[in-house]
Amino acid sequence: MHWYYTEGELTVKIEGEEHKFSLEQLIRDSSVYKVRRKKVQLCFIILLSVAMGMQLYGGGIPVNQDIYFYIGYFLTPVIIAGVFSSLVFLFLKFRKKEFSKLDTMFQEYLP
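When you read off a place in the sequence shown, starting at 1, and then add 8, the result is the number in this note's numbering.
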């Protein structure tokens, strides 16, 4: 597999076949990733805020506890938000399963 970039086009040559991709298409594909990342980050922040707010509103911060209690007390909403955000990421990633032609070629020919 050989590739080169000239005049706004990326050309990938695989087994004698040339495939050309425009710079605009590559930028559009990379912007999809950025949008998905922002959605997952926003989901994490909202879930963390809701979980932490419910926890603090429900009972406040307990007093006279061991340090490990406080670590678990504040880490639990982070873990919950992280798990749900990971599920949202997987859902957004595999929802449409739209692979560009370049992605499929790299998946087929790269080890």
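Glycine is no exception: its CB is placed at the ideal position from the N, C-alpha and C atoms. Keep in mind it's a predicted model, so treat the numbers as computed, not measured.
Assess, as a yes-or-no matter, whether the stretch 75-83 is touched by the stretch 40-57 under the definition of 3 or more beta carbon pairs within less than 8 Å. no
Is it a yes or a no for the stretch 85-95 touching the stretch 50-63, going by three-plus beta-carbon pairs under 8 Å? yes
Taking the straight line between their C-alpha atoms, what separation do you get for I54 and V96? Taking the straight line joining both Cα atoms gives about 13 Å.
Less than 6 Å between the CB of L83 and some heavy atom of the ligand NAP, yes or no? Summarising the ligand content, the structure contains no ligands, and the ligand NAP is consequently not present.
DSSP has F29 in a bridge; who is on the other side? L18
Taking the Cβ atom as the reference point for each residue, do E25 and T19 lie within a distance shorter than 7 Å? no
Exposed or buried, which one is V71 when buried takes at least 16 other CB atoms within 10 Å? exposed
Here's a check: name, in chain order, each residue in its chain whose Cβ is nearer than 6 Å to the Cβ of S93, leaving out the five neighbours to either side. V48, C51, F52
Tell me the rounded alpha-carbon separation between K28 and I35. For K28 and I35, the gap between their C-alpha atoms comes out near 14 Å.
P70 lies in the alpha helix (DSSP H); which residues open and close that run? Premise fails: P70 is in no alpha helix (DSSP H) and is neither H nor E.
On the DSSP bridge list, what partners appear for Y81? Per DSSP, none; premise fails for Y81.
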